[in-house]
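Take a look at the structure below.
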Amino acid sequence: VALPPLIEFAALNMVLMSESMMAMIRSGAGWPVRGSVTETFTGSITPNGAATHQFVVLASGDVTARITEITPDPAITIGFVLGTWSGSSCQAVIFKEEVAQGEALIGRVTGQGVLCVRVHDPNGKLTAPLNYSLSVEHP
17 VALPPLIEFA ALNMVLMSES MMAMIRSGAG WPVRGSVTET FTGSITPNGA ATHQFVVLAS
77 GDVTARITEI TPDPAITIGF VLGTWSGSSC QAVIFKEEVA QGEALIGRVT GQGVLCVRVH
137 DPNGKLTAPL NYSLSVEHP
């Protein structure tokens, strides 16, 4: 029986995540149920451009996404989104149209899921490409 594409995609993601978790448990790393994880994402955006990064949350708790570096000019502000991953795009939950290096978005999740962060050129403000680095701390 053929599954609709979205259900097939979700089932495949669950299988891949399960295999990944089982490999972690077999390696002795255990199941990460307490504490937090910090992930770092880097990239670049062009004028009128955007970049999205996904991450998996395994428990309820606070999520902090912070722009840690903007180059070549740290005074430039960019758009920043913390949201939920729909399977094809980042659905904004918390956002600011202009954040500077060092600023953060802070939210709370109530359970497991796939979240995302998105950085973008707010209103075509950039005149040249820029590089960024951001960190996300989550359960």
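Take this note's numbering: the final residue in the sequence shown is number 155, and no numbers are missing along the way. No residue lacks a Cβ here, since even glycine has one placed at the ideal position from N, Cα and C. Predicted model only: the values in this text are computed from it and were never measured.
For this session: Just list the beta strand (DSSP E) runs in the stretch 102-152, keeping only unbroken ones of 3 residues or longer that don't cross its boundaries, in chain order.
Result: 106-115, 120-125 and 129-136
Problem set entry | From G103, V115, G59 and L121, residue whose alpha carbon lies closest to that of V109 | L121
Exercise. Do you know offhand how far A67's Cα is from G127's?
Worked result: 25 Å
Exercise. If you draw a straight line from the C-alpha of I61 to the C-alpha of D137, how long is it?
Worked result: 7 Å
For this session: Check whether the Cβ of V135 lies closer than 8 Å to any Cβ atom in chain C.
Result: Going by chain labels, chain C is absent from the structure shown, which holds only one protein chain.
For this session: Take G116 and list the residues in its own chain whose beta-carbon comes closer than 6 Å to its own, dropping the five residues that flank it on each side.
Result: The sequence shown places Ala at residue 116, rather than the Gly named in the question. Cβ within range, chain order: T93.
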